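Going by this note's numbering, the sequence shown opens with residue 30, and the numbers climb by one from there. Cβ atoms here follow ideal geometry from the backbone N, Cα and C, with glycine treated the same way. From a predicted model like this one, the values you see are computed outputs, not experimental measurements.
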Amino acid sequence: MKKIGSVIFTCIMVAVAWLVCGLLFANYESPSFYYWGGFGFGLMVIVAVCLANYVLKSRNKAPIEVNVLPTVISFGYLIIGIAFNVRFMIPMPGIYEMQGTGLFEKVLIAANILLLLVFILTIYFASGYRNRVSEQVEIAEAKIANTTEIMSLVARLLSQTKDEEVRNKLYTFKEKIDYSTNVSQSFSVENEEKLMEKLRSIGSELNDGASKERILSDIEDAEKIWNMRNAKISTLR
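See below:
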């Protein structure tokens, strides 16, 4: 997906900038645990975001507002993680003097581990939610797939025929389909498949120049199949 690809690209750019700036401004003569700890954990944040978005890279049919959740969470973690670790890399008068207590070293390590765990859990649940929504969308699309194909076939027939009477008959049939439920049921699939076969047959007849009477008769047969389908749905719903 393009959005996830852009996230990975952004992470790579941030990682390059982080490495260049981190190595450029480092004090190699008197190395600091805070500086190199913050630098290392910042790099870990970038790698974690890049890996998460690479692993989650998949095609799905969830709406954009749901599909973008892992990306938003990744950017949030990236900003918070980088900002937190940059703060430790900047010299803080009065803090380094307390380095011997080990308190701030523990804060640096514990906070980064906590942030990583929160990120993993949050993105895990967001990804699961996205996948569930995608499955529901696929189920909904499957339920209207037959009627969508039927409407497409009728529209194609309308564009094929030049005869006014045949066009009116098809248009009336199209209106009937438009005002019917477009959700298929297990017991209506057989009728829908028969109707699609009938509509394709009518299309072949139009191409072969069959008589108007035969075409009108087949359209009536198609309407009967649709009426049977609607009757089943109304009765068994």
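For the 8 Å Cβ check, are there 3 or more pairs between the region 78-93 and the region 48-59? no
Compute the Euclidean distance between the alpha carbons of Ile114 and Ala155, then round it to the nearest angstrom. Taking the first residue of the sequence shown as position 1, residue 114 is located at position 85. Taking the first residue of the sequence shown as position 1, residue 155 is located at position 126. Note on residue identity: the sequence assigns Asn, not Ile, to residue 114. Distance between the alpha carbons of Asn114 and Ala155 is about 25 Å.
Here's the rule I'm using: 16 or more other beta-carbon atoms within 10 Å means buried, otherwise exposed. How should Ile41 be labelled? For this step, residue 41 is matched to residue 12 along the sequence shown. Exposed is the call here.
Does Tyr200 pass the burial test, meaning 16 or more other C-beta atoms within 10 Å, or should it be called exposed? By 1-based counting over the sequence shown, the position of residue 200 is 171. Classification of Tyr200: exposed, given that the 10 Å Cβ count is below 16.
Apply the 10 Å Cβ neighbour rule to Ile142 and answer buried if 16 or more other Cβ atoms are within range, or exposed otherwise. Here the question's residue 142 lines up with position 113 in the sequence shown. Its Cβ having fewer than 16 others within 10 Å, Ile142 is exposed.
Under 8 Å between the Cβ atoms of Ile231 and Ile248? Position 202 of the sequence shown, counted from the start, is the residue given in the question as residue 231. Position 219 of the sequence shown, counted from the start, is the residue given in the question as residue 248. Cβ distance < 8 Å, so Ile231 and Ile248 count as in contact.
CB-CB under 8 Å to Glu252, same chain, minus the five flanking residues each way: which ones, in chain order? Mapped onto the sequence shown, residue 252 falls at position 223. So the qualifying residues of the chain are Phe202, Lys205.
Where does Val97 fall in DSSP's three states? Within the sequence shown, the letter at position 68 stands for residue 97. In this structure, Val97 counts as coil in the three-state DSSP scheme.
Does the region 212-225 come into contact with the region 157-177, if we say contact requires no fewer than three beta-carbon pairs (one atom in each stretch) closer than 8 Å? yes
Which residue wins for smallest C-alpha separation from Val162, given the options Asn82, Asn56, Tyr83, Arg88? One-based indexing of the sequence shown puts residue 162 at position 133. Per the Cα distances, Arg88.
So what does DSSP say about Phe216, is it helix, strand or coil? Start at 1 with the first residue of the sequence shown, and residue 216 comes out as number 187. Phe216 falls in the coil class under three-state DSSP.
What's the C-alpha gap between Arg196 and Glu221? Taking the sequence shown and counting its residues from 1, the one referred to as residue 196 is at position 167. Taking the sequence shown and counting its residues from 1, the one referred to as residue 221 is at position 192. Roughly 22 Å between the two C-alpha positions.
Terminal residues of the alpha helix (DSSP H) in which Asp192 lies: Locating residue 192 in the sequence shown gives position 163, counting from the first residue. Premise fails: Asp192 is in no alpha helix (DSSP H) and is neither H nor E.
With DSSP as the reference, label Phe38 as helix, strand or coil. Working through the sequence shown from its first residue, we reach residue 38 at position 9. Of the three classes helix, strand and coil, the one that applies to Phe38 here is helix, per DSSP.
Between the alpha carbons of Phe117 and Asn160, how many angstroms are there, rounded? Position 88 of the sequence shown, counted from the start, is the residue given in the question as residue 117. Position 131 of the sequence shown, counted from the start, is the residue given in the question as residue 160. Their Cα atoms are separated by approximately 38 Å.
Please classify Ala260: is it buried, with 16 or more other beta-carbons within 10 angstroms of its beta-carbon, or exposed? The residue labelled residue 260 in the question sits at position 231 within the sequence shown. Per the 10 Å Cβ criterion, exposed.
Checking 8 Å against the spacing of the C-beta atoms, do Tyr64 and Ala55 come in under that value? Residue 64 sits at position 35 when you count from the first residue of the sequence shown. Residue 55 sits at position 26 when you count from the first residue of the sequence shown. Contact: yes.
Chain-order list of residues whose beta-carbon lies under 8 Å from that of Leu245 (same chain, five-residue window excluded): Residue 245 sits at position 216 when you count from the first residue of the sequence shown. Here the set comprises Glu194, Val195, Lys198.
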